[in-house]
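K.L.:
The structure is given below, and queries will be raised subsequently.
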């Protein structure tokens, strides 16, 4: 049950984007197309999964004073592997994601899970946490990009779902959704939807300053106020 809880936390309860509000830059930037959202999600999931395992395995030998540079070095190694694979096998995706692919190195989700979870838990739990958080991130990107691409371009993954003309009537595209403002609008709606669902299910936690209202309190192991 514990491992199932660790895995499912990243999907909804501690969704890295909609609940912890991490990784918003790539979320807003790449979700204009479903292919970009899924590609970024898979790449980030791979890096999360692998870096969590590596950092957990090395947590007892990494000096505390240099832990963050060490984490970034580990993460950068896996990001480089991902970038090389994408360039070799999916060059179109590499061109679409642009600078946001190498910027996975400093993605707050990955560095945050390394600091808050992988450095304090075993390899198996850390691997499950990385997979759950990565899938939660991918799910959010897929939902956001679906909304934006369908409404903004009338397509889904490049396939037309809303024709430009029906029975002689022209259907205008809601191009606002493909703009940065449309990204913020969609992001806000999804966050509001998650909060609404939590409230209806009676699982809404009262947020407060410090550790008490933090959704990641259990992961970081804090017992008192945050320093």
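Residue numbers (the numbering used here): 372 to 598.
Glycine included, each C-beta is placed from N, C-alpha and C at the ideal position.
Nearest to residue 562 by CA position, among 530, 522 and 511, is which residue?
P.N.:
511
K.L.:
Following the continuous alpha helix (DSSP H) through residue 490, name the residue where it begins and the one where it ends.
P.N.:
Careful: residue 490 lies outside any alpha helix (DSSP H) and carries neither H nor E.
K.L.:
Who are the near neighbours of residue 378 in its chain, counting only those whose CB is closer than 6 Å to its CB and skipping five residues on each side?
P.N.:
499 and 503
K.L.:
Determine the DSSP secondary structure at residue 538, reduced to helix, strand or coil.
P.N.:
coil
K.L.:
From the DSSP output, in three-state form, read off residue 402 for me.
P.N.:
coil
K.L.:
Three or more C-beta pairs under 8 Å: does that hold for the region 418-435 against the region 469-486?
P.N.:
yes
K.L.:
What distance in whole Å lies between the Cβ atoms of residue 416 and residue 515, which are believed to be in contact at a cut-off of 8 Å?
P.N.:
Going by Cβ atoms, the distance from residue 515 to residue 416 rounds to 16 Å, so no, they are not a contact pair.
K.L.:
Between the C-alpha atoms of residue 442 and residue 427, what's the straight-line distance to the nearest angstrom?
P.N.:
10 Å
K.L.:
Specify, as a first and last residue, the run of the alpha helix (DSSP H) that residue 557 falls within.
P.N.:
Here the alpha helix (DSSP H) through residue 557 covers 551-572.
K.L.:
Please state if the CB of residue 545 and the CB of residue 523 are separated by a distance shorter than 9 Å.
P.N.:
yes
K.L.:
Would you give the residue range spanned by the alpha helix (DSSP H) that residue 380 belongs to?
P.N.:
373-380
K.L.:
Have a look at residue 457 and residue 465 and give me their C-alpha separation to the nearest angstrom.
P.N.:
6 Å
K.L.:
If you drop the 5 nearest sequence neighbours on each side, which residues of the same chain put their C-beta closer than 6 Å to that of residue 433?
P.N.:
Around residue 433: 441.
K.L.:
Just mark residue 439 as buried or exposed, buried being the case when its beta carbon has 16 or more other beta carbons within 10 Å.
P.N.:
exposed
K.L.:
If I follow the unbroken alpha helix (DSSP H) through residue 442, where does it start and stop?
P.N.:
438-460
K.L.:
Using 9 Å as the threshold, is the C-beta distance between residue 394 and residue 558 below it?
P.N.:
no
K.L.:
DSSP on residue 417, reduced to helix/strand/coil?
P.N.:
helix
K.L.:
Give me the Cα-Cα distance between residue 388 and residue 505, rounded to the nearest whole angstrom.
P.N.:
10 Å
K.L.:
What's the C-alpha gap between residue 596 and residue 492?
P.N.:
With a pLDDT of only 49 at residue 596, under 50, the local geometry of the prediction cannot be trusted, and the value read off the model is given with reservation. Near 21 Å, if we compare the C-alpha coordinates of residue 492 and residue 596.
K.L.:
Smallest Cα separation from residue 566: which of 386, 376, 548 and 375?
P.N.:
Nearest option by C-alpha distance: 386.
K.L.:
Thinking just about the alpha-carbon of each residue, which of 463, 547 and 533 is nearest to the one in residue 411?
P.N.:
463
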